[in-house]
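In my numbering, the protein residues as written are 264 to 387.
Where a beta carbon is used, it is the ideal one built from N, C-alpha and C, also for glycine.
Input: a single structure, listed below in structure tokens.
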């Protein structure tokens with residue numbers, strides 16, 4: 264893998280930015296869910312306003328399945344936005360945990376004197 268910038272850094276992850284942006288996706292999910300609920304309630308409240316004549320029935324037979332598909336797709340978008348929010352939080356937390364783990368690997372370990380009992384783990 265090449266390092267285009269030449270600074271030796273491969274990833275620049277700003278966990279604070281991830282944590283700050285993640286709630287925007289949650290808010291978007293809430294707003295979309297509210298709009299979807301309003302839309303579904305309004306459309307369901309109208310019943311079948313196109314009538315039961317031949318033309319109305321043909322329209323309804325075409326429209327109703329598409330309406331359900333659109334409602335389902337919007338519901339999937341809501342779930343996707345929630346998932347992005349959770350993933351951004353998890354990514355930020357995981358990155359911090361990984362940094363702490365790696366830092367721990369390079370922390371100087373104090374070794375007990377030869378007269379002291381040790382469990383082998385050392386002291387940091």
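Following the DSSP letters along the chain, one finds residue 288 inside the alpha helix (DSSP H) bounded by residues 278–309. Pairing residue 356 with residue 285 gives a Cβ-Cβ distance that is not under 8 Å.
Looking at 331, 293, 283 and 354, the one whose alpha-carbon comes closest to that of residue 345 is 293.
The shortest CA-to-CA distance from residue 341 to any of 300, 328, 321 and 371 is the one to 300.
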